[in-house]
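K.L.:
The numbering of the sequence shown is numbering that gives the first Met the number 0, which starts it at 0 and goes up by one.
Don't be surprised by glycine CBs; every beta carbon is placed ideally from N, CA and C.
For clarity, every value in this text was computed on a predicted model and none was experimentally measured.
Got a structure here, written out as structure tokens. Questions coming.
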Amino acid sequence: MKSFTWISEFSQPLIADAGPLAAVIALATLAYAVARWWLVAGVRRLVRRSQAEWDDALVDANVFVRLAHIAPALVIYQGIDTIDRLPAEFVAVVQRVALAVMIAVVAATANSLLTALNEVYSRNPEYRHRPIKGYVQLIKLAIFGLATVAVLSTLLDRSPWLFLSGIGAMTAVLMLIFKDTILSLVASVQIASNDLLRVGDWVEMPQLGADGDVIDIALHTVKIQNWDKTITSVPTYRFIDEGFKNWRGMSRSGGRRIKRAVHLDVSSIRFLTPDEIDGFEHWELLGDYIREKRTELSEYNEKASSSGDVRAALRQLTNVGTFRAYLLNYLRSHPKIHSSGYTLMVRQLPPGPEGLPIELYCFSNDQVWVSYEGIQGDIFDHILAILPEFGLRAFQRPAGRDLHEAVRGLLAET
């Protein structure tokens, strides 16, 4: 019965002041309509006419739309206090709710403002490769946390320090919950301060199957678009913990390395005959080499002969040595290969079960993947085709046809 009496006493002023309450609600609705459909629409029209880009980012991020929600809350907060006969407890509750709504609106508007700031920053070509998205997300998290504390303290009419002291007691739990955020924050600072990663960089992380261009750097994740157009999302902190390969240096240097070997059949290596030496002397890429070697070997062999050395100690030109000299001059004269300022060599690697490797080490002047592969392919097409001119054979494991021909040969002999 007492509870019914309390409800009756509490509701009577509300019923009596239903008119003023309805007026406040109607005024709040009108304030929202004016702010949302008139002021915001007017601002949008002005923005579309301006030449600046930063105001377009504010509109696209809905900064003004979210700010318009503060109008009805402000009207209710101020208007409810003008109705005299309402219970003080009811007025206090309504004002706390309205104030909490305004705090939430301000926080949401601040988040939209940060989104617009990041968008304007990323549009600048000078800063496009140094994203601040991770820092923006961190500030948004801080705003969300502070706004949550402020809203709760307002609704419950308690000091915010009460909630903050409770958060201090939950530090261990928060550290566990936000472990990835903390690690990602530290990694983001290191990545940004040391310029380790930019949007547009080609990176490789084989342990995660990531090999492609960086398309987004955020606080928690870095998105990589692989060459097969799939997207790999990598936690930011793993770039510091595990390491990665960044191909930016290659892209900026103007050259892309070619490092590939052709394997020669060791049984095809021999000394050149005098006729072959005379023939190679007329080649444009070998003429100077042959003449220089002839003079060098002639002087050396004369000294060796006069000292009584056996013929085996005399130096002679080999087909594989001449072939290496040809390849070196061929690369130096190739229009798609850097002939100066970059390492260029043709080297002989240790022989093994797959023959004698002759490795080309040079840099193409075109870094585009398709063009690079074409240049590399053309060079090795030429190498394989020119081998017989030097009496050399490429090493190749026996295939089914080779075994078939060998068996046929044996049968023919018998």
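According to DSSP, is residue 340 part of a helix, a strand, or is it coil?
P.N.:
The answer is coil: DSSP assigns residue 340 none of H, G, I, E or B.
K.L.:
Under DSSP, the alpha helix (DSSP H) around residue 368 begins and ends at which residues?
P.N.:
Residues 368-385.
K.L.:
From 94, 143 and 92, pick the residue whose C-alpha is nearest to that of residue 113; which is it?
P.N.:
Per the Cα distances, 143.
K.L.:
Leaving out five residues on either side along the sequence, give the residues of the same chain with a beta carbon under 7 Å from the beta carbon of residue 395.
P.N.:
Closer than 7 Å at the Cβ level, and outside the excluded window around residue 395, lies no residue.
K.L.:
Under a Cβ-count criterion, where at least 16 other Cβ atoms within 10 Å of its own Cβ denotes burial, should residue 186 be classed as buried or exposed?
P.N.:
Looking at its Cβ environment, which holds 16 or more other Cβ atoms inside 10 Å, residue 186 is buried.
K.L.:
Less than 6 Å between C-beta atoms, sequence neighbours within five positions excluded: which residues of the same chain meet that for residue 72?
P.N.:
Only 97, 100 and 101 meet the Cβ criterion.
K.L.:
Which partner residues does residue 23 have in the DSSP bridge list?
P.N.:
None, per the DSSP bridge assignment.
K.L.:
Helix, strand or coil: which one does DSSP assign to residue 354?
P.N.:
In the structure shown, residue 354 sits in a strand (DSSP, three-state: E or B).
K.L.:
For residue 231, I'd like the list of residues in its chain whose CB is within less than 7 Å of its CB, leaving aside the five on either flank, ordered along the chain.
P.N.:
Excluding residues within five positions, the ones whose Cβ falls inside 7 Å are 207, 208, 209, 223 and 225.
K.L.:
Indicate whether residue 317 and residue 383 have their beta-carbon atoms separated by less than 8 Å.
P.N.:
Cβ distance not < 8 Å, so residue 317 and residue 383 don't count as in contact.
K.L.:
Would you kindly check if the distance between the Cβ of residue 262 and the Cβ of residue 327 is under 8 Å?
P.N.:
In this structure, residue 262 does not lie closer than 8 Å to residue 327 by Cβ.
K.L.:
Ordered along the chain, which non-local residues of its own chain (more than five positions away) have a Cβ less than 7 Å from that of residue 117?
P.N.:
Answer for residue 117: 131, 132 and 135, listed in chain order.
K.L.:
Could you give the distance in angstroms between the alpha-carbon of residue 409 and the alpha-carbon of residue 378?
P.N.:
Looking at the two C-alpha atoms, the distance is approximately 38 Å.
K.L.:
State the Cα-Cα distance for the pair residue 84 and residue 90, rounded to the nearest angstrom.
P.N.:
One C-alpha to the other measures close to 10 Å.
K.L.:
Looking at C-beta atoms only, is the number of pairs between the segment 356-368 and the segment 236-255 that lie closer than 8 Å three or more?
P.N.:
Yes, the segment 356-368 is in contact with the segment 236-255.
K.L.:
Is the closest heavy atom of the ligand SAM to the C-beta of residue 362 under 7 Å?
P.N.:
You won't find the ligand SAM in this model; it holds no ligand whatsoever.
K.L.:
With a cut-off of 8 Å on the beta carbons, I'd call residue 203 and residue 244 a contact; round off their distance for me.
P.N.:
With 8 Å as the limit, residue 203 and residue 244 qualify as a contact, their Cβ atoms being about 4 Å apart.
K.L.:
Apart from the five residues just before and just after residue 126, which ones in its own chain have a Cβ nearer than 6 Å to its Cβ?
P.N.:
These residues qualify, in order along the chain: 120.
K.L.:
Go to residue 201, then tell me how far its beta strand (DSSP E) extends in each direction, as first and last residue.
P.N.:
From DSSP, the beta strand (DSSP E) with residue 201 extends over 201-204.
K.L.:
Taking 7 Å as the limit between beta carbons, can you name the residues of its chain near residue 159, skipping five residues before and five after?
P.N.:
Excluding residues within five positions, the ones whose Cβ falls inside 7 Å are 148, 149 and 152.
K.L.:
Would DSSP call residue 294 helix, strand or coil?
P.N.:
Residue 294 falls in the helix class under three-state DSSP.
K.L.:
Using a Cβ-Cβ cutoff of less than 7 Å, which residues in the same chain neighbour residue 65 once the five nearest sequence positions on both sides are dropped?
P.N.:
Correct list, in chain order: 104, 107, 108 and 111.
K.L.:
Can you give me the start and stop residues for the beta strand (DSSP E) that residue 271 sits inside?
P.N.:
Neither: residue 271 is in no beta strand (DSSP E) and is coded neither H nor E.
K.L.:
Where residue 411 and residue 404 are concerned, what is the direct C-alpha to C-alpha distance, given to the nearest angstrom?
P.N.:
Cα-Cα distance, rounded: 10 Å.
K.L.:
Of the residues 278, 350, 282 and 315, which one's Cα is nearest the Cα of residue 292?
P.N.:
Cα-wise, what sits closest to residue 292 is 315.
K.L.:
Just the C-alpha distance for residue 92 and residue 139, rounded to the nearest angstrom, thanks.
P.N.:
For residue 92 and residue 139, the distance between alpha carbons rounds to 28 Å.
K.L.:
Looking at the unbroken alpha helix (DSSP H) that takes in residue 138, where does it start and where does it end?
P.N.:
Residue 138 -> alpha helix (DSSP H) spans 132-154.
K.L.:
Over the uninterrupted alpha helix (DSSP H) stretch that includes residue 75, give me the two end residues.
P.N.:
Where residue 75 is concerned, the enclosing alpha helix (DSSP H) stretches over 69-78.
K.L.:
What are the boundary residues of the beta strand (DSSP E) that residue 216 is part of?
P.N.:
Run containing residue 216: 209-216, per the beta strand (DSSP E) assignment.
K.L.:
Give the straight-line distance between the Cα atoms of residue 319 and residue 334, rounded to the nearest whole angstrom.
P.N.:
Taking the straight line from one Cα to the other gives about 25 Å.
K.L.:
Could you pull out every residue in the same chain whose Cβ sits closer than 8 Å to the Cβ of residue 284, ignoring the five residues on either side in sequence?
P.N.:
Answer for residue 284: 325, 328, 329 and 332, listed in chain order.
K.L.:
Look up residue 220 in the DSSP assignment and give the residues it is bridged to.
P.N.:
234.
K.L.:
Compute the Euclidean distance between the alpha carbons of residue 298 and residue 286, then round it to the nearest angstrom.
P.N.:
The straight-line gap from Cα to Cα measures roughly 19 Å.
K.L.:
So, for residue 269: in the same chain, excluding its five sequence neighbours on each side, which residues have a beta-carbon less than 8 Å away from its beta-carbon?
P.N.:
Cβ within range, chain order: 317, 318 and 390.
K.L.:
According to DSSP, residue 347 sits in a beta bridge with which residue or residues?
P.N.:
Beta-bridge pairing links residue 347 to 357.
K.L.:
Bridge partners of residue 317, per DSSP?
P.N.:
Note: residue 317 sits in a beta bridge opposite 270.
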